[in-house]
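Everything in the sequence shown is counted per the working numbering, starting at 1 for the first residue and increasing by one.
Ideal placement from N, C-alpha and C gives every residue a C-beta, glycine not left out.
Read through the structure below, which is laid out as structure tokens, and then see the notes.
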Amino acid sequence: MTATHERTRTAVRWAIRNAVVYVATGLWVVVRRVWEAHTQSRYERMLRQAELAGDMQRLIDWEQRAERARAMRHKRRMDWIAAPFALAKAVAVAAMTIAGMLLAWGITLAVGHRDLSWVLAPLHSAVDLIAWVVWLVTVLWLPLVLAAPWLALAVLWQLGRTHGTVPTHLRGHHLDAARYGLSCSGPS
Numbered sequence: 001m002t003a004t005h006e007r008t009r010t011a012v013r014w015a016i017r018n019a020v021v022y023v024a025t026g027l028w029v030v031v032r033r034v035w036e037a038h039t040q041s042r043y044e045r046m047l048r049q050a051e052l053a054g055d056m057q058r059l060i061d062w063e064q065r066a067e068r069a070r071a072m073r074h075k076r077r078m079d080w081i082a083a084p085f086a087l088a089k090a091v092a093v094a095a096m097t098i099a100g101m102l103l104a105w106g107i108t109l110a111v112g113h114r115d116l117s118w119v120l121a122p123l124h125s126a127v128d129l130i131a132w133v134v135w136l137v138t139v140l141w142l143p144l145v146l147a148a149p150w151l152a153l154a155v156l157w158q159l160g161r162t163h164g165t166v167p168t169h170l171r172g173h174h175l176d177a178a179r180y181g182l183s184c185s186g187p188s
């Protein structure tokens, strides 16, 4: 059974455009961006265009850019090898520095109050703060995890709506959509 009434056809086109086409187009935009970020495809495409146009200066320029991009990508990958050790060292140094500062603050408080029990008070407060942060993360984790897919879907929809093209047979007409009380966003 096919919909023949214009209102029904407009509503179906709007629903397909917003529920399927924009999300699929947004996914394609993200995939293409990730692909171009991790490969030389952008440079190869520009090299082909410059070669077809016969523009030797632009060809040399894009070859130099491609070589720089390859070298930078190699450097970033090599940096990932050393990153875990540098991170572990930074975390250890920061933890020791914070513990030393808290102990120094505790000694200052103990001298000021003339009571030895104040030495560990800042450390106790820091442990309480860490326990509170862990509790907060456990409380907020479930709503964030439940909202993440919907936020990702909204981002894909927005990318598809703003960066893609909609097939002609699914394009809405602003006047028809407004006449039937529908909001028609995106290219028409």
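Self-check item: Collapsed DSSP secondary structure at ARG13 in the structure displayed
Solution: DSSP places ARG13 within a helical segment (H, G or I) once states are collapsed to three.
Quiz item: Three-state secondary structure (DSSP) at GLN40?
Solution: coil
Practice problem: Please go through the same chain and pick out, in chain order, the residues whose beta-carbon is closer than 8 Å to the beta-carbon of PRO122, but skip the five residues on each side of it. | Solution: LEU102, LEU103, TRP105, GLY106 and LEU109
Quiz item: Should the region 62-69 be called in touch with the region 34-49, which here means at least 3 C-beta pairs below 8 Å?
Solution: yes
Quiz prompt | Proximity below 8 Å, CB of LEU159 to CB of GLY54 | solution = no
Quiz item: Relative to the C-alpha of GLU63, which residue among ALA50, ARG73, VAL34 and ILE16 is closest?
Solution: ALA50
Quiz prompt | Segment limits, alpha helix (DSSP H) that includes TYR97 | solution = The sequence given here places Thr at residue 97; Tyr does not occur at that position. For THR97, the enclosing alpha helix (DSSP H) covers residues 56-113.
Practice problem: Label TRP135 either buried or exposed according to how many other C-beta atoms from any shown protein chain fall within 10 Å of its C-beta, with 16 as the threshold for buried. | Solution: So TRP135 ends up on the exposed side.
Self-check item: The alpha helix (DSSP H) enclosing ALA125, as first and last residue numbers
Solution: Looking at the sequence provided, one finds Ser at residue 125 rather than Ala. Its alpha helix (DSSP H) spans residues 121-163.
Exercise. Output the distance between the C-alpha atoms of ARG7 and LEU151, rounded to the nearest integer angstrom.
Key: 30 Å
Quiz item: For ALA177, which of helix, strand or coil comes out of DSSP?
Solution: Because ALA177 carries a pLDDT of 48, less than 50, the predicted location of this residue cannot be relied on, and no value is offered for it.
Quiz item: According to DSSP, is THR25 helix, strand or coil?
Solution: helix
Quiz item: Any idea what DSSP makes of THR4, helix, strand or coil?
Solution: coil
Exercise. Just the C-alpha distance for ASP176 and THR10, rounded to the nearest angstrom, thanks.
Key: Confidence at ASP176 is low in this model, with a pLDDT of 43, below 50, so the placement of that residue should be treated as unreliable; the coordinate-derived value is given next. C-alpha separation (whole angstroms): 7 Å.
Practice problem: Out of ALA99, ALA88, VAL133 and LEU59, state which residue places its alpha-carbon closest to the alpha-carbon of LEU120. | Solution: ALA99
Quiz prompt | Backbone CA spacing between ARG33 and TRP157 [nearest angstrom] | solution = 16 Å
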